[in-house]
Amino acid sequence: MISRPSVARKTFFLSLLFFGLYSLALSVGPPSTVAQDKHAVNVLYVELDGGISPIQVDLLELSIQEAAQRGFDMILLRLDTPGGLVESTRGIVKEMLNSPMPVLVWVGPSGARAASAGVFIVAASDVAAMSPQTTIGAASPVTMGGGDVNGTMERKVKNDILSLLRSLASRKDRNIEWYAKAVEEADSITASEAVMSGVVEMLAEDPEDFLQQAGARGVPTSEGVLRFSLDNVNLVPYEPGFRYDFLSWLLHPQIAYFLFLGGIAGLFFEVSHPGSIFPGVAGALCLLLALYALSVLPTNAAGILLILFSLVLLILEIFITSYGLLSIAALLSLFIGSTILYREGTGLVLPLSSILATVITLAVFVTAVLYLVSKAQLRKPTQGQEAIIGAPATVRTWSGTHGRVFLRGEVWNAVSPTPMQPSPGDTVRIVRVEGLTLTVEP
């Protein structure tokens, strides 16, 4: 006969075993590629504006590092760019492709564009969207002078970027034909056309709208497709810090241009007024910052050299009497250099109004400085031996052609070209100074 306590103990242990196996089955479950029950989705929001340069590559690299360290699920990149440097574009694409979390790209807000380099960034994204009234396209390569590349170089450059763009588009089953057309024909389309032709996945008014649609559609991750609702999204703006803000300011085309001209003006003032110190130091600093920015931005070497040549002409104007011809040549060189400073086709263009205003301002500045220089050269000396020529002196003693005179608190030896008979207290005029002897006349 089995006792009741023994039956109760067996029943208890069997219940524990069944509950444990059931819990284990629930925890393992069937394999799935979709993570739908995530409590919160953390998204790092990064803004990428302006021309694509090395500073934008650093921005994306640092934001990806921070997202990985802080455990973000994805990065949302807001894009508005006219284009930029090819190597910097490749750097951004490389960072996106090697990111441990998906990178979503939204071209916005309305009025923004993904031109030239922006086409590659959109193609490299895991999910892409565009705001209404935005555009994408015009990815044809340009030369250093801004024109289309031709001949063998054209084929090499186009084949290189075409292969990259095709591989990026095929990675997410996007419209390879259009991406090739953007390079070969510089084609550009609107946001609606981009969605209909399969260039991007969706239209989105704002980042929240984008995330809502992306969550419903599903975002591919290394662990599967992540689906979520907007209520579970935690959108965190990325704060790049002072270094990025300063370099972004410095690499603005007009800021770099104004710093360049400010450096020229400072050095010109220092050369024309030696010893001023501050204008020279400030000018040198501005010139160094400008040259760094211009070395990063897509510039023409001819434009930079023409602007520097204008500085040389202005300095020569100080030492050579050209009756203004050197100044006119300098301003003409400055104007031409300014108009071709940035390459065409990159979106980095100096407005003609800014160039004219700058050239006119510099012309007024140069005229004022040259006027001060000429006035200083014509001004009668107030110090040194030259300052006493023409000054009156009082006779103390005199005999024939020599004597002693009193001038400005001192007694001087004096001589005259011809014999004189002045009395003590009479006044004579100084005509020459030779050492400590004055030549005087009545």
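Going by UniProt numbering, the residue at position 425 of the sequence shown is 425; the numbering climbs one at a time, nothing skipped.
Glycine is no exception: its CB is placed at the ideal position from the N, C-alpha and C atoms.
Check	Outcome
Which same chain residues end up closer than 8 Å to Val-411 when comparing Cβ atoms and leaving out the 5 residues on each side of it in sequence?	Arg-396, Arg-404, Val-405
If you draw a straight line from the alpha carbon of Leu-287 to that of Glu-47, how long is it in whole angstroms?	29 Å
Within 10 angstroms of the Cβ of Asp-231, are there 16 or more other Cβ atoms? Answer buried if so, exposed if not.	exposed
Would you mind working out which of Tyr-45, Arg-171, Met-202 sits nearest Pro-132, comparing C-alpha positions?	Met-202
Could you check if Gln-69 is buried or exposed, using at least 16 other CB atoms within 10 Å of its CB as the buried criterion?	exposed
Thinking C-beta only, is Ala-114 closer than 8 Å to Leu-79?	yes
For Leu-261, does the three-state DSSP call read helix, strand or coil?	helix
Considering only the beta carbon of each residue, do Ala-330 and Leu-314 sit closer than 8 Å?	yes
Between the alpha carbons of Tyr-244 and Ser-63, how many angstroms are there, rounded?	12 Å
Do you know whose CA, among His-252, Phe-120, Val-107, Leu-76, lies nearest Val-86's CA?	Phe-120
Taking DSSP as the reference, what is the three-state secondary structure of Asn-232?	helix
Roughly how many whole angstroms lie between the Cα atoms of Gly-137 and Thr-89?	15 Å
Are the beta-carbon atoms of Phe-269 and Val-369 separated by less than 8 Å?	yes
Which term fits Pro-424, buried or exposed, when burial requires 16 or more other beta carbons within 10 angstroms of its beta carbon?	exposed
Taking C-beta to C-beta, are Pro-392 and Thr-358 nearer than 8 Å?	no
Exposed or buried, what is Gly-400 when buried is set at 16 or more other beta-carbons lying within 10 Å of its beta-carbon?	exposed
By DSSP, does Gly-435 sit in helix, in strand, or in coil?	coil
Please report the straight-line C-alpha distance between Arg-343 and Arg-171, rounded to a whole angstrom.	32 Å
Assign Leu-85 to one of three DSSP states: helix, strand, or coil.	coil
Beta strand (DSSP E) containing Tyr-342: first to last residue?	Per DSSP, Tyr-342 belongs to no beta strand (DSSP E) and is neither H nor E.
Counting only the same chain and skipping the five closest in sequence on each side, list residues whose C-beta sits under 8 Å from that of Ile-389.	Ile-430, Val-431, Arg-432, Val-433
Which value, in whole angstroms, describes the spacing of the CA atoms of Pro-442 and His-402?	13 Å
Would you please state the rounded distance, in angstroms, between the beta carbons of Gly-337 and Ser-310? I believe it to be under 8 Å.	7 Å
Assuming Leu-59 contacts Pro-240 under a Cβ cut-off of 8 Å, what Cβ separation, rounded to an integer in Å, is found between them?	6 Å
Assuming Leu-226 and Asp-49 are in contact, meaning their beta carbons sit under 8 Å apart, how far apart are those beta carbons, in whole angstroms?	That belief does not hold up - the Cβ atoms of Leu-226 and Asp-49 are roughly 27 Å apart, past 8 Å.
Do Ala-293 and Gly-263 have their C-beta atoms within less than 8 Å of each other?	no
In whole angstroms, what is the alpha-carbon distance linking Met-130 and Glu-205?	8 Å
With 16 other CB atoms within 10 Å as the buried threshold, where does Pro-298 fall?	buried
Would you kindly work out how many angstroms separate the C-alpha atoms of Gln-421 and Ala-414, rounded to a whole number?	13 Å
Counting along the chain, where does the alpha helix (DSSP H) carrying Pro-207 start and finish?	207-217
Classify Gln-56: buried if its beta carbon has 16 or more other beta carbons within 10 angstroms, exposed otherwise.	buried
For the beta strand (DSSP E) holding Ser-125, just list the boundary residues, first then last.	Segment: none, Ser-125 is in no beta strand (DSSP E) and carries neither H nor E.
Opposite Ile-430 in the DSSP bridges: which residues?	Val-440
Grab me the residues of Ala-302's own chain with a C-beta within less than 7 Å of its C-beta, minus the 5 sequence neighbours each way, in chain order.	Ile-340
Taking all protein chains shown into account, decide if Leu-372 is buried (16 or more other Cβ within 10 angstroms of its Cβ) or exposed.	exposed
Give the DSSP-derived three-state secondary structure of Ser-99 in the structure shown.	coil
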